[in-house]
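Participant: Please see the structure below; I have some questions.
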Amino acid sequence: MKTSQTTCKESIIHVREIIGSGNFVASEDGEKVSQAIASTISRGQQVRLSFKGCKALTAAFLNAAVGQLYGRFPEECLDKLFLPPLDISRDDLLYLKRVRRSAQDYFRDPERYHRAEKEVSEGE
59 MKTSQTTCKE
69 SIIHVREIIG
79 SGNFVASEDG
89 EKVSQAIAST
99 ISRGQQVRLS
109 FKGCKALTAA
119 FLNAAVGQLY
129 GRFPEECLDK
139 LFLPPLDISR
149 DDLLYLKRVR
159 RSAQDYFRDP
169 ERYHRAEKEV
179 SEGE
């Protein structure tokens, strides 16, 4: 029986090069990074983000860059192709993991979040 091995090319996306700054804060910049990630994943390639040169990181940036990917791709696909980041502080890595978990929870059942939001706003 003949077996073949396929190798998956890995791409590294240098966030600072995409947005031109070490301030990873604006959702618009996060969208640029998200487009680069999505383009790579759409080709079936593994991808890592490099946070080298990061001076500041916000939830708005991470939600736009990473969180929204869960609305575009199946979670299993992202687990396979979106690899752990490089050049990231421990605190920022924990922040990224929280954003990913929140996005996973949201996109598994967005209606649950909308109901909860409605209940909170009606209770005010």
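If you read the sequence shown in my numbering, its first letter stands for residue 59, the second for the next number, and so on. C-beta atoms are modelled at their ideal positions from N, C-alpha and C, and glycine is treated no differently.
Looking at C-alpha atoms only, which residue of L120, A117, F82 and Y128 is the closest neighbour of K110?
Facilitator: Checking every option, the nearest Cα to that of K110 belongs to F82.
Participant: Give the range of the beta strand (DSSP E) segment to which R106 is assigned.
Facilitator: Unbroken beta strand (DSSP E) run through R106: Q104 to S108.
Participant: Bridge partners of E68, per DSSP?
Facilitator: According to DSSP, which records beta bridges pairwise, E68 is partnered with Q104.
Participant: Quick one: using the 10 Å Cβ neighbour count with 16 as the cut-off for buried, is G125 buried or exposed?
Facilitator: The residue in question, G125, is buried, as its Cβ has 16 or more Cβ neighbours within 10 Å.
Participant: At the level of alpha carbons, what is the spacing between T98 and A123?
Facilitator: Rounded to the nearest angstrom, the two C-alpha atoms are 13 Å apart.
Participant: Please go through the same chain and pick out, in chain order, the residues whose beta-carbon is closer than 7 Å to the beta-carbon of H72, but skip the five residues on each side of it.
Facilitator: Only S108 and K110 meet the Cβ criterion.
Participant: From the DSSP secondary-structure annotation, give me the bridge partner or partners of L115.
Facilitator: Looking at the DSSP assignment, L115 forms a beta bridge with F82.
Participant: Taking all protein chains shown into account, decide if G102 is buried (16 or more other Cβ within 10 angstroms of its Cβ) or exposed.
Facilitator: Burial call: exposed.
Participant: Using the Cα positions of L141 and E177, report the straight-line distance between them to the nearest angstrom.
Facilitator: C-alpha separation (whole angstroms): 37 Å.
Participant: Grouping DSSP H, G and I as helix and E and B as strand, with all else coil, what is L154?
Facilitator: Looking at L154 - three-state DSSP - the assignment turns out to be helix.
Participant: Out of S100, L144 and F165, state which residue places its alpha-carbon closest to the alpha-carbon of E133.
Facilitator: Comparing Cα positions, the closest option is F165.
Participant: For C135 and S85, I'd like the C-alpha separation in whole angstroms.
Facilitator: So the two alpha carbons sit approximately 23 Å from each other.
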